[in-house]
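*Asks:* Residue numbers 2 to 250, in our numbering, belong to the letters of the sequence shown in order.
Even for Gly, the Cβ is constructed at its ideal location relative to N, Cα and C.
For clarity, every value in this text was computed on a predicted model and none was experimentally measured.
Let me give you the structure first, and then I'll get to my questions.
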Amino acid sequence: MEAYELIIHFKSPTMTAREYLDFSKNILIRLAEFDSIFRDLFGWGTKANARRQIDPSLNDFYEIVFKQIEDKTIAYENPDPDNKNFTLDSKCFIGYGNSYSNTTRKKDGQITVSIEAGKDTQTGILIIEFPECNFIRFNEYAYVRSLFQKCIQMLNPVYGYIISDAIIELNNADRNESEIGWFTYLGEKNILNILPDYIYKEELENGTLFLLSKDIPDVSNRETEYKIKEIRKSLMKKNLLNIKNHINK
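Here's what the structure looks like:
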């Protein structure tokens, strides 16, 4: 199985550590309700020895992840301006982030969920790295669409896509531009008429969903590259590829 990632860019207010923990726990609960593969995870933390198993009930989530998201090099912002220590009420200009997996080995069907939020830039990102083996449903249109829609409902994104390294290469996007993936979601309505007629497209939730194909795209087929280029051209005409423009609306 080719390695795919589901990536969601969303607006995020600055958060205290407590708010980030609440936010992250809610995402993991809702993902576990969707599929049990998200139920039995460990948190990676930011250091090599920080990995800790989290109880499937998430009863120990706050205790474990609070320690994992601390960066001892940062002077945190607290209600008491003289206190620079890390507390549940701390805010941080770079926000908070952590990753969670079901196993340490990709050959065992590793899935990884990464959640970043609370930055001064008012941006957040959710990344789900799909298993590369053992879980064939992550290659199937109906399942992947349902998972993507679940994440869209949770986060009301400005942009989202499901993508592989090979598709990223075909995009050849500039640094500030978004990618066109197997699935792509743009938090804009009334754009169906600017997208090519030969792709699958529909309005979904508060935006528009469009696909290169219902099956996993064949990146060796020149038609896939052609579709990506034509979609990018269509969106560029309306300046709809720049994520920052959507965040700042």
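Thinking C-alpha only, which one of F211, N173 and Q154 is nearest Y162?
*Replies:* Taking only the C-alpha atoms, the option nearest Y162 is F211.
*Asks:* Within the continuous beta strand (DSSP E) that includes N99, where are the two ends?
*Replies:* Here the beta strand (DSSP E) through N99 covers Y97 to S102.
*Asks:* Taking the Cβ atom as the reference point for each residue, do I181 and R233 lie within a distance shorter than 8 angstroms?
*Replies:* Closer than 8 angstroms, so yes.
*Asks:* Given a threshold of 16 other Cβ atoms within 10 Å of its Cβ, counted over all protein chains shown, does F156 qualify as buried or as exposed?
*Replies:* The sequence as given places Leu at residue 156; Phe does not occur at that position. Buried.
*Asks:* Could you check whether the stretch 169–187 touches the stretch 101–120, counting it as contact only if at least three pairs of C-beta atoms, one from each stretch, sit closer than 8 angstroms?
*Replies:* No, the stretch 169–187 does not touch the stretch 101–120.
*Asks:* Going by alpha carbons, who is nearest to A76 out of I95, Q69 and K68?
*Replies:* Checking every option, the nearest Cα to that of A76 belongs to I95.
*Asks:* Can you give me the C-alpha to C-alpha distance between G98 and L213, rounded to a whole angstrom?
*Replies:* Those two C-alpha atoms are separated by around 31 angstroms.
*Asks:* Using the rule of at least 16 other Cβ atoms within 10 Å of the residue's Cβ for burial, across every protein chain shown, is I21 buried or exposed?
*Replies:* Here residue 21 is Tyr; the residue named in the question, Ile, does not match the sequence. Buried: at least 16 other Cβ atoms inside 10 Å.
*Asks:* How about the stretch 164–172 and the stretch 215–232: do they share at least three Cβ pairs that are nearer than 8 angstroms?
*Replies:* They touch, by the three-pair rule.
*Asks:* Put S179 into one of helix, strand or coil per three-state DSSP.
*Replies:* If DSSP states are grouped into helix, strand and coil, S179 belongs with coil.
*Asks:* Run through the DSSP bridge pairs and tell me what E226 is partnered with.
*Replies:* Paired residues: none, contrary to the question.
*Asks:* State the beta-bridge partners of T113 as determined by DSSP.
*Replies:* DSSP, once it has assigned bridges, lists S102 and E130 as partnering T113.
*Asks:* Along the beta strand (DSSP E) that carries I168, what are the first and last residues, could you check?
*Replies:* No beta strand (DSSP E) contains I168, which is instead part of the alpha helix (DSSP H) from D166 to N172.
*Asks:* Does the distance from the CB of R40 to the CB of D90 come in under 8 angstroms?
*Replies:* No, Cβ-Cβ distance for R40 and D90 is not below 8 angstroms.
*Asks:* With DSSP collapsed to three states, give me the class of N140.
*Replies:* Three-state result, N140: helix.
*Asks:* Can at least three beta-carbon pairs, one atom from the stretch 185–203 and one from the stretch 125–144, be found at a separation below 8 angstroms?
*Replies:* Contact between the stretch 185–203 and the stretch 125–144 is absent, because fewer than three Cβ pairs lie under 8 angstroms.
*Asks:* Have a look at S25 and K120 and give me their C-alpha separation to the nearest angstrom.
*Replies:* Distance between the alpha carbons of S25 and K120: 14 angstroms.
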